[in-house]
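Peer 1: My structure is below; once you've seen it, I'll send some questions.
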Amino acid sequence: LAEVVQDTELYDTDEAIVEQGSTEDRGFFVLMDGSAEAVIDGPEGPRVVKTYDQVGDFFGEKALVESGGMRLATVRATGTGCSVLVIPREVISTHLQPIEHILRGSTYSPYEQFG
């Protein structure tokens, strides 16, 4: 996998990595450094639903395997910013197919309750 994925992106504090409702298809993300948070904008306003602060935390998998490609939350860099490894959809399909069931079961339970 390391030979295939070499795209690391840097984000400043409060910079969006993905936006709720977006159908962009960049893949999913693994936190390499720093921190981020997922925010759902629902009827009662924005609400933080998950924080990512450990190297290896990942997000964006639900858009790849369950929601038809739509991002269900906005994920923003927090603290002093973050760096993420971007794993493209093609890599997921080709190299991570055997663990798709794990990705399906890993999402925060359930984002929809906040929307």
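Reminder that position 44 of the sequence shown reads as 68 in the working numbering, one-by-one numbering, no gaps. Quick reminder that beta carbons are idealized off the backbone N, C-alpha and C, glycines included. Computed from a predicted structure; not experimentally measured.
Look at V101 and E39 and say whether their C-beta atoms are less than 8 Å apart.
Peer 2: Indexing the sequence shown from 1 puts residue 101 at position 77. Indexing the sequence shown from 1 puts residue 39 at position 15. Val is not the amino acid found at residue 101; the sequence shown has Ala there. In this structure, E39 lies closer than 8 Å to A101 by Cβ.
Peer 1: CB-CB under 6 Å to V99, same chain, minus the five flanking residues each way: which ones, in chain order?
Peer 2: One-based indexing of the sequence shown puts residue 99 at position 75. Excluding sequence neighbours, V99 sits near I41, V42, A60, A62, F83.
Peer 1: Once DSSP output is grouped into helix, strand and coil, what is the label at R100?
Peer 2: Walking along the sequence shown from the start, residue 100 turns up at place 76. Three-state DSSP puts R100 in a strand.
Peer 1: Could you check what DSSP says for E33 in three-state terms: helix, strand or coil?
Peer 2: Within the sequence shown, numbered from 1, the residue matching residue 33 stands at position 9. Of the three classes helix, strand and coil, the one that applies to E33 here is strand, per DSSP.
Peer 1: Are the beta-carbon atoms belonging to S107 and D36 less than 8 Å from one another?
Peer 2: Sequence index remark: in the sequence shown, residue 107 carries index 83 (1-based). Sequence index remark: in the sequence shown, residue 36 carries index 12 (1-based). Taking 8 Å as the cut-off, the beta carbon of S107 is found no closer than this to the beta carbon of D36.
Peer 1: Three-state secondary structure (DSSP) at R71?
Peer 2: The residue given as residue 71 occupies position 47 in the sequence shown. Reduced to three states, the DSSP call for R71 is strand.
Peer 1: Report the three-state DSSP secondary structure of E43 (helix, strand or coil).
Peer 2: Translated into positions along the sequence shown, residue 43 becomes position 19. Of the three classes helix, strand and coil, the one that applies to E43 here is coil, per DSSP.
Peer 1: What residue from E68, G103, G80 has the CA that sits closest to F53's CA?
Peer 2: Reading the sequence shown from its first residue, position 29 is the one you call residue 53. When only C-alpha atoms are compared, the closest one is G80.
Peer 1: Roughly how many angstroms lie between the CA atoms of L96 and R71, to the nearest whole one?
Peer 2: In the sequence shown, counting from the first residue as 1, residue 96 sits at position 72. In the sequence shown, counting from the first residue as 1, residue 71 sits at position 47. Cα to Cα, the separation comes out at about 12 Å.
Peer 1: According to DSSP, simplified to helix, strand and coil, what is E61?
Peer 2: Translated into the one-based positions of the sequence shown, residue 61 becomes position 37. Reduced to three states, the DSSP call for E61 is strand.
Peer 1: Residues in its own chain within less than 8 Å of G105 by CB, not counting five upstream and five downstream?
Peer 2: Stepping through the sequence shown from its first residue, residue 105 is reached at position 81. Answer for G105: L34, Y35, D36, T37, E39, G58, listed in chain order.
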